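Enquirer:
In this note's numbering, the protein residues as written are 23 to 435.
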């Protein structure tokens, strides 16, 4: 199968969404990769304390983990009254104010107020990737597999470009300037995404729009359906957080801390390519099987990373091992979001996708903290243990999903 044939389905996405949608959605999701690293740099520079900078970044992540599902639930409930549009416009306004407050007040505001502003910035972070996936689920269900692959690739590219852009702006201007750039992107790109025709949803009010006991039962049912997917998303986040921390520590041990970002980028490039290539996997291959294979490749990559760190301090060998692990990341992410789409009742897409996003955010925080402690006290080699735990969580999630599918198959009890 040629590359042209493999990637041909993506032309359907552009035709279905319009010429501007893909570009708008990509631009609107860049701030989510810019803000955390920019908050850390700006608050650290403004207060002179790395500890306070770390607290500010953590507050942003906590806010994002809580705010994402809340915004997703609101968008689903408002399906008959504008859907995502009012939620995105309101969130963008609050987010911009909070981010500008942090940028301007990083060296002047009392620390409690500064942390509150970063928390609000996280809560109001527009969950563009999750909302975009939900739009595909509602408007073009036939293209969902292709859309999930494309969205995951877009996320990977954004997570490579975002921190790089933040670093360039911080070097040319200041750490606070990168926050102002993020705020400007939100102020322009998010309203454009919100005002796109795909933001509104036609039809009857969905289960998410119910009230009282019905809404409570619908939420409980959604959480039950997505339990395995959310655990898998936490595992994916563990890998992201621990991976970035481990690679940074390895680069520092090699005397070239700046190479940490390049190692992370090497992982992201391979991940984006394999995410796009997932459209070539036959439909008969179950989602559980796809996640199991991706988890196995990821664990092999982690073992290779550990062997590289144990045998030689060469960053070139580590880069090759990292690239191998990265090949599994894109397929794993595509499969996790596809599972969420498959298990979500009609009208719950935004809530489902933001729950997956929050699981990733929680995993990132836990993975970064655990790997950071291990790297600090025992070295980067030992930090790879967290990566192995992440891969194991993904593998167990795949096994649980396969067991659930078998039990729900006709003739099974």
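Glycine residues also receive a C-beta, built at the ideal position from the N, C-alpha and C atoms.
On a predicted model such as this, the values are computed, not experimentally measured, just so you know.
Three Cβ pairs or more, each shorter than 8 Å: is that satisfied between the region 141-154 and the region 46-54?
Expert: The region 141-154, when compared against the region 46-54, does touch it at the 8 Å Cβ threshold.
Enquirer: Just to confirm before moving on: does the CB-CB distance between residue 427 and residue 308 stay below 8 Å?
Expert: Start at 1 with the first residue of the chain shown, and residue 427 comes out as number 405. Start at 1 with the first residue of the chain shown, and residue 308 comes out as number 286. In this structure, residue 308 lies closer than 8 Å to residue 427 by Cβ.
Enquirer: Just checking my contact of residue 199 with residue 191 at CB under 8 Å: how many whole Å lie between their CB atoms?
Expert: Counting from one through the chain shown, the residue named residue 199 turns up at place 177. Counting from one through the chain shown, the residue named residue 191 turns up at place 169. Going by Cβ atoms, the distance from residue 199 to residue 191 rounds to 5 Å, so yes, they are a contact pair.
Enquirer: Take the Cβ of residue 134 as the centre, count every other Cβ of all protein chains shown within 10 Å, and call the residue buried at 16 or more, exposed below.
Expert: Walking along the chain shown from the start, residue 134 turns up at place 112. Exposed.
Enquirer: Alpha carbon to alpha carbon, how far is residue 398 from residue 274?
Expert: As a working note, residue 398 is residue 376 in the chain shown. As a working note, residue 274 is residue 252 in the chain shown. Residue 398 and residue 274: Cα-Cα distance of roughly 11 Å.
Enquirer: What distance in whole Å lies between the Cβ atoms of residue 409 and residue 265, which are believed to be in contact at a cut-off of 8 Å?
Expert: Within the chain shown, residue 265 is the residue found at index 243, counting from 1. Within the chain shown, residue 409 is the residue found at index 387, counting from 1. Their Cβ separation, rounded to whole angstroms, is 6 Å, which keeps residue 265 and residue 409 in contact under 8 Å.
Enquirer: What residue does the alpha helix (DSSP H) around residue 429 start on, and which one ends it?
Expert: As a first step, residue 429 must be located in the chain shown, where it is residue number 407. Here the alpha helix (DSSP H) through residue 429 covers 402-430.
Enquirer: Identify the continuous alpha helix (DSSP H) that holds residue 127 and give its terminal residues.
Expert: Taking the chain shown and counting its residues from 1, one reaches residue 127 at position 105. Counting along the chain, the alpha helix (DSSP H) containing residue 127 begins and ends at 106-127.
Enquirer: Less than 8 Å between the C-beta atoms of residue 91 and residue 377, yes or no?
Expert: Within the chain shown, the letter at position 69 stands for residue 91. Within the chain shown, the letter at position 355 stands for residue 377. Yes, Cβ-Cβ distance for residue 91 and residue 377 is below 8 Å.
Enquirer: Report yes or no: do three or more beta-carbon pairs, one from the region 37-47 and one from the region 64-82, lie closer than 8 Å?
Expert: Verdict: no, contact absent.
Enquirer: Pick out the complete beta strand (DSSP E) segments inside the region 147-184, 3 residues or longer, and give them in chain order.
Expert: Counting only runs of 3 or more, we get nothing.
Enquirer: Quick one: residues in its chain with C-beta nearer than 7 Å to the C-beta of residue 362, no 5 flanking neighbours on either side, listed in chain order?
Expert: To locate residue 362, count along the chain shown from 1; it is residue 340. For residue 362, where only same-chain residues beyond five positions count, the Cβ hits under 7 Å are 248, 251, 374, 375 and 378.
Enquirer: In angstroms, rounded to a whole number, what distance separates the CA positions of residue 269 and residue 278?
Expert: Taking the first residue of the chain shown as position 1, residue 269 is located at position 247. Taking the first residue of the chain shown as position 1, residue 278 is located at position 256. Cα to Cα, residue 269 sits roughly 11 Å from residue 278.
Enquirer: For residue 42, which three-state DSSP category applies?
Expert: What you label residue 42 is simply residue 20 of the chain shown in a count that begins at 1. Residue 42: coil per DSSP, three-state reduction.
Enquirer: State the Cα-Cα distance for the pair residue 429 and residue 243, rounded to the nearest angstrom.
Expert: Sequence index remark: in the chain shown, residue 429 carries index 407 (1-based). Sequence index remark: in the chain shown, residue 243 carries index 221 (1-based). Roughly 18 Å separates the two Cα atoms.
Enquirer: Residue 330 to residue 336, Cα distance in whole Å?
Expert: In the chain shown, counting from the first residue as 1, residue 330 sits at position 308. In the chain shown, counting from the first residue as 1, residue 336 sits at position 314. If I take the Cα positions, the gap works out to 8 Å.
Enquirer: Closer than 6 Å by C-beta to residue 424: which residues in its own chain qualify, once you throw out the five before and the five after it? Chain order, please.
Expert: As a working mapping, residue 424 is identified with position 402 in the chain shown. 310.
Enquirer: When DSSP labels each residue in this structure, what does residue 95 get in the three-state scheme?
Expert: As a first step, residue 95 must be located in the chain shown, where it is residue number 73. Helix.
Enquirer: Output needed for residue 437: all residues of its chain with C-beta closer than 7 Å, excluding positions within five of it in sequence on either side, in chain order.
Expert: The requested residue 437 is not part of the displayed model; the chain covers only 23 to 435.
Enquirer: Specify, as a first and last residue, the run of the alpha helix (DSSP H) that residue 306 falls within.
Expert: Numbered from 1 along the chain shown, position 284 holds the residue referred to as residue 306. Premise fails: residue 306 is in no alpha helix (DSSP H) and is neither H nor E.
Enquirer: Please classify residue 334: does DSSP put it in a helix, a strand, or coil?
Expert: If you number the chain shown from 1, residue 334 lands on position 312. In the structure shown, residue 334 sits in coil (DSSP, three-state: anything other than H, G, I, E or B).
Enquirer: Within 10 angstroms of its Cβ, does residue 419 collect 16 or more other Cβ (buried), or is it exposed?
Expert: What you label residue 419 is simply residue 397 of the chain shown in a count that begins at 1. It counts as buried.
Enquirer: In whole angstroms, give me the CA-to-CA distance for residue 367 and residue 218.
Expert: To locate residue 367, count along the chain shown from 1; it is residue 345. To locate residue 218, count along the chain shown from 1; it is residue 196. Rounded to the nearest angstrom, the two C-alpha atoms are 24 Å apart.
Enquirer: Considering only residues of the same chain and omitting the five flanking positions on each side of residue 188, which have a CB-CB separation below 6 Å?
Expert: For the purposes of this step, residue 188 is identified with residue 166 of the chain shown, where counting begins at 1. Correct list, in chain order: 56, 59, 60 and 200.
Enquirer: Three Cβ pairs or more, each shorter than 8 Å: is that satisfied between the region 166-183 and the region 289-309?
Expert: At 8 Å Cβ cutoff, the stretches touch.
Enquirer: Determine the direct distance from the alpha carbon of residue 73 to that of residue 183, and round the result to whole angstroms.
Expert: Translated into the one-based positions of the chain shown, residue 183 becomes position 161. Translated into the one-based positions of the chain shown, residue 73 becomes position 51. Computed Cα separation, rounded: 26 Å.
Enquirer: With residue 405 and residue 396 assumed to form a contact (beta carbons below 8 Å), what rounded beta-carbon distance in angstroms separates them?
Expert: Taking the chain shown and counting its residues from 1, one reaches residue 405 at position 383. Taking the chain shown and counting its residues from 1, one reaches residue 396 at position 374. Sure, about 4 Å apart at Cβ, within 8 Å.
Enquirer: I need the straight-line Cα distance from residue 216 to residue 160, nearest angstrom please.
Expert: The sequence position of residue 216 within the chain shown is 194, counting from 1. The sequence position of residue 160 within the chain shown is 138, counting from 1. In a straight line, the C-alpha of residue 216 is about 16 Å away from that of residue 160.
Enquirer: Under 8 Å between the Cβ atoms of residue 140 and residue 82?
Expert: Here residue 140 refers to the residue found at position 118 of the chain shown. Here residue 82 refers to the residue found at position 60 of the chain shown. Yes, Cβ-Cβ distance for residue 140 and residue 82 is below 8 Å.
Enquirer: Rounded to the nearest angstrom, what separates residue 296 and residue 132 at their Cα positions?
Expert: Along the chain shown, one-based indexing puts residue 296 at 274. Along the chain shown, one-based indexing puts residue 132 at 110. Looking at the two C-alpha atoms, the distance is approximately 46 Å.
Enquirer: Grab me the residues of residue 32's own chain with a C-beta within less than 7 Å of its C-beta, minus the 5 sequence neighbours each way, in chain order.
Expert: Position 10 of the chain shown, counted from the first residue, corresponds to residue 32. 168 and 172.
Enquirer: Does DSSP classify residue 188 as helix, strand or coil?
Expert: Numbered from its first residue, the chain shown carries residue 188 at position 166. Helix.
Enquirer: Here's the rule: buried if 16 or more other CB atoms are within 10 angstroms of the residue's CB, otherwise exposed. What is residue 97?
Expert: Counting from 1 along the chain shown, the entry for residue 97 is found at position 75. Classification for residue 97: buried.
Enquirer: Here's the rule: buried if 16 or more other CB atoms are within 10 angstroms of the residue's CB, otherwise exposed. What is residue 304?
Expert: On the chain shown, residue 304 is found 282 positions in, with the first residue counted as 1. So residue 304 ends up on the exposed side.
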